[in-house]
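J.: Under my numbering, the sequence shown has 113 at position 93, and the numbering climbs by one with no breaks. We treat Cβ as the ideally placed atom computed from N, Cα and C, and that holds for glycine.
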Amino acid sequence: MPFELTDAHHDEYHRNGFTIFRGIVPLKLLIELRREADKGRAIARARGGENTQRLQPLRNHQELDMTPFKEFANLPAINDALKAVVSPNIFYGLKDDDRLGALGVLYEPATRPWCTQWHRDWRDNAPGLDIKLWQDRLLDPEMFNQVNCALYEDTCTWVVPGSHIRRDTSAEIRRFPERPIAGPAVPESASVEEAELICLGYTASMPGAVQAHLNPGDFMLYRNSLWHIGNYAPYKRRATIHDVIGSPAFSQWFQKPPMLRDKDGKPLPMQNANLETAEYKAWEKTRKPQPA
Ligand SMILES: O=C(O)CCC(=O)C(=O)O
Ligand SMILES: [Fe+2]
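Okay, here's the thing in structure tokens:
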């Protein structure tokens, strides 16, 4: 059945911070995208190691035929749906040249399961970013949009629905009081199975976490201000197109992200937005010796 946009996509995106355009990639294009994306896996591993997560941007690699990716990024169904759900101001795909901006592909690791930390992009992975300004932009739907479009079934991404437009809840602060956010404790001696289960336990330990389930050709649009994580295993074959969705407001941010700097111009360390909360203070007491 061809993809059909409904009010539910709009509601889900704004309420939960993500929505999925099911089966929006046509069959012939899916075949071509798989063919080129699968070539990128070896290039990614040669560059980033056997367990690397991505090849991005794709456009730097002459070995790859960008034609299907261009067709993908210009699909009217995708562009119309994005504009209807997010805003008429957003842009995707080609603008005025034949490059494909930030489009990349996410792959499964070759030998070892691993996961990212739980995070909200920019806030938790950009040391020195002025997170008060990040927080001020959360309610603007033209900011912080990205896409995962699965070419094979993909269950790696987990999210906390609704977290994209709010501060952390008490439970989230108790779970992750510290910055930078701690990842799972996987001993180097852990077997592959043990590493997989430790990562799964860490991933599932986030209050309110939900696993996204993408089938081939499903396009997940999400705000990366959502709490989210990627959890990977070698047997979960993955080739998922990963890209940002542009807007004039986001281009401005992207070109010059607001950084806090010291007097020598060096970015400050990662900030923690929860320092004044009761939950953070309670946690701090448990780890610091109290003054006499
Ligand atoms: O693998 C995924 O789907 C998420 C990756 C991610 O969030 C990241 O690398 O920042
Ligand atoms: Fe992320």
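Out of curiosity, what's the CA-to-CA distance linking Arg74 and Pro309?
T.: Start at 1 with the first residue of the sequence shown, and residue 74 comes out as number 54. Start at 1 with the first residue of the sequence shown, and residue 309 comes out as number 289. Taking the CA atoms as reference points, Arg74 sits about 43 Å from Pro309.
J.: If you draw a straight line from the alpha carbon of Ile185 to that of Asn36, how long is it in whole angstroms?
T.: Along the sequence shown, read from residue 1 onward, the residue named residue 185 stands at position 165. Along the sequence shown, read from residue 1 onward, the residue named residue 36 stands at position 16. If I take the Cα positions, the gap works out to 9 Å.
J.: Which residues in the same chain as His81 place their Cβ atom closer than 8 Å to its Cβ, once the five residues preceding and following it in sequence are excluded?
T.: The sequence position of residue 81 within the sequence shown is 61, counting from 1. Excluding positions up to five away in sequence, the list reads Gly60, Ile63, Leu75.
J.: Where does Asp263 sit, in a helix, a strand or coil, going by DSSP?
T.: Residue numbering aside, residue 263 sits at position 243 when the sequence shown is read from its first letter. If DSSP states are grouped into helix, strand and coil, Asp263 belongs with the strands.
J.: Just reading off the beta strand (DSSP E) that Gly60 is part of, what are its end residues?
T.: For the purposes of this step, residue 60 is taken as the residue at position 40 of the sequence shown. That residue, Gly60, is in no beta strand (DSSP E); its alpha helix (DSSP H) goes 47–68.
J.: Check whether the Cβ of Asp316 lies closer than 7 Å to any heavy atom of ligand 2, and answer yes or no.
T.: Summary: the structure shown does not reach residue 316, with the chain confined to residues 21 through 312, and so no result is reported for it.
J.: Helix or strand or just coil, what does DSSP make of Tyr172?
T.: By 1-based counting over the sequence shown, the position of residue 172 is 152. Coil at Tyr172, not helix or strand.
J.: Please say whether Arg143 and Trp154 have beta carbons closer to each other than 8 Å?
T.: Position 134 of the sequence shown, counted from the start, is the residue given in the question as residue 154. Position 123 of the sequence shown, counted from the start, is the residue given in the question as residue 143. Yes, they are a contact pair.
J.: Is the beta carbon of Ala232 sitting closer than 8 Å to the one on Val180?
T.: Within the sequence shown, the letter at position 212 stands for residue 232. Within the sequence shown, the letter at position 160 stands for residue 180. No Cβ-Cβ contact shorter than 8 Å links Ala232 with Val180.
J.: Determine the direct distance from the alpha carbon of Thr72 to that of Lys301, and round the result to whole angstroms.
T.: Position 281 of the sequence shown, counting from 1, holds the residue named residue 301. Position 52 of the sequence shown, counting from 1, holds the residue named residue 72. Each residue's alpha carbon lies about 37 Å from the other.
J.: Among the candidates Gly203, Asn292, His34, Leu149, whose CA atom is the shortest distance from the CA of Phe274?
T.: Translated into the one-based positions of the sequence shown, residue 274 becomes position 254. It is Leu149 whose Cα lies nearest to the Cα of Phe274.
J.: CA-CA distance, Tyr252 and Lys90?
T.: Residue 252 sits at position 232 when you count from the first residue of the sequence shown. Residue 90 sits at position 70 when you count from the first residue of the sequence shown. Their backbone Cα atoms lie some 27 Å apart in a straight line.
J.: Let me check you understand the geometry: is the CB of His30 closer than 7 Å to at least one non-hydrogen atom of ligand 4?
T.: This structure does not include ligand 4; its bound ligands are ligand 1 and ligand 2.
J.: If you draw a straight line from the alpha carbon of His383 to that of Ala101, how long is it in whole angstroms?
T.: In the structure as shown, the chain starts at 21 and stops at 312, and residue 383 therefore has no counterpart that could be examined.
J.: Would you list the residues sitting across from Asn251 in a DSSP beta bridge?
T.: Reading the sequence shown from its first residue, position 231 is the one you call residue 251. DSSP lists Cys135 as partners of Asn251.
J.: Examine the Cβ distances between the region 223–237 and the region 122–134 and report whether three or more of them are shorter than 8 Å.
T.: no
J.: Where does Val179 sit, in a helix, a strand or coil, going by DSSP?
T.: Within the sequence shown, numbered from 1, the residue matching residue 179 stands at position 159. Val179: strand per DSSP, three-state reduction.
J.: Do three or more CB pairs link the region 257–268 to the region 107–114 at distances below 8 Å?
T.: yes
J.: Tell me whether Asn251 counts as near ligand 2, meaning its Cβ is closer than 7 Å to at least one heavy atom of that ligand.
T.: Against the sequence shown, residue 251 aligns to sequence position 231. Result no, Cβ not under 7 Å from ligand 2.
J.: So, are the CB atoms of Pro147 and Pro287 less than 8 Å apart?
T.: Position 127 of the sequence shown holds residue 147. Position 267 of the sequence shown holds residue 287. Yes. Within cutoff.
J.: Pro204: buried (16+ other C-beta within 10 angstroms of its C-beta) or exposed?
T.: Sequence index remark: in the sequence shown, residue 204 carries index 184 (1-based). It is buried - the Cβ of Pro204 has at least 16 other Cβ atoms within 10 Å.
J.: Near Arg199, what residues of its chain come up, given a Cβ to Cβ distance below 6 Å and the 5 sequence neighbours on each side ignored?
T.: Reading the sequence shown from its first residue, position 179 is the one you call residue 199. Within the same chain, Arg199 has close Cβ partners Met290, Asn292.
J.: Is Thr189 helix, strand or coil when you go by DSSP?
T.: Position 169 of the sequence shown, counted from the start, is the residue given in the question as residue 189. DSSP places Thr189 in coil when its eight states are reduced to three.
J.: Around the Cβ of Asp284, are there at least 16 other Cβ atoms within 10 angstroms (buried) or fewer (exposed)?
T.: Here residue 284 corresponds to residue number 264 of the sequence shown, with the count starting at 1. Classification for Asp284: exposed.
J.: If we call anything under 8 Å between Cβ atoms a contact, is Phe239 one with Ile98?
T.: Taking the sequence shown and counting its residues from 1, the one referred to as residue 239 is at position 219. Taking the sequence shown and counting its residues from 1, the one referred to as residue 98 is at position 78. In contact: Phe239 and Ile98 (Cβ atoms closer than 8 Å).
J.: Using the C-alpha atoms, what's the distance from Asp282 back to Glu213?
T.: In the sequence shown, residue 213 corresponds to position 193, counting from 1. In the sequence shown, residue 282 corresponds to position 262, counting from 1. The alpha-carbon atoms of Glu213 and Asp282 are separated by roughly 44 Å.
J.: Do three or more CB pairs link the region 38–51 to the region 236–250 at distances below 8 Å?
T.: yes
J.: Quick one: give me the first and last residue of the beta strand (DSSP E) that Gly228 is part of.
T.: By one-based count along the sequence shown, residue 228 stands at place 208. Premise fails: Gly228 is in no beta strand (DSSP E) and is neither H nor E.
J.: Tell me which residues share the same chain as Gly124 and place their Cβ nearer than 8 Å to its Cβ, disregarding the 5 neighbours each side in the sequence.
T.: Within the sequence shown, residue 124 is the residue found at index 104, counting from 1. For Gly124, where only same-chain residues beyond five positions count, the Cβ hits under 8 Å are Arg74, Leu75, Gln76, Pro77, Leu78, Ile261, His262, Asp263.
J.: Given Tyr222, which residues of its chain have a CB within under 6 Å of its CB, disregarding the five upstream and five downstream residues?
T.: Mapped onto the sequence shown, residue 222 falls at position 202. Result list for Tyr222: Pro204, in chain order.
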